[in-house]
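For reference, each letter of the sequence shown is one residue, going -41 to -1, 1 to 89 in mature numbering (1 follows the signal peptide of the UniProt record, and there is no 0). C-beta: ideal position from N, C-alpha, C; glycine also.
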Amino acid sequence: MTAVRSFFSRARARARARAHAQPRGFAALAAAGLLPAQAMAQGLPSMEAPSRGEGDGLLTTLQNYLFDFGALGGLILATVAFLIVAIAAIATFNEARVRGEWSKFGVVVVVGVVLIIAIIWLATKASEIL
């Protein structure tokens, strides 16, 4: 028991000593912040233009990037909806197999398919509106 106490007291003392000491990597981080951005970006590919083009100015380019992020959000929403419908269908299938109530399973599948089609259609319409 005393060995465990001494171990924890030594660990606490080391943690306190490290907390008061300057971090070792601080100088490296400060030096990295002073390097020019061009030198740090060597070898990286250039950024692609948005799907609607770069535009005439900064505001138009930002709007075009926001359009791309909106389309990505629609795709993510459709993916989440698909996963939720799939999980519900699997759970209902397991329940129907045990109880023998296949009508509930059929309703969940039909409603899920209609829901996914509606979300994909709305996401497509939203991308045209944006």
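How about residue i and residue j: are their beta carbons less than 8 Å apart?
i: N23; j: G32; result: no
i: G29; j: A48; result: no
i: L34; j: A82; result: yes
Write down the C-beta distance between residue i and residue j rounded to the nearest angstrom, noting that I regard them as a contact closer than 8 Å.
i: D27; j: P9; result: 5 Å
i: L74; j: A50; result: Wrong, their Cβ atoms sit about 16 Å apart, outside the cutoff.
i: I78; j: L36; result: 6 Å
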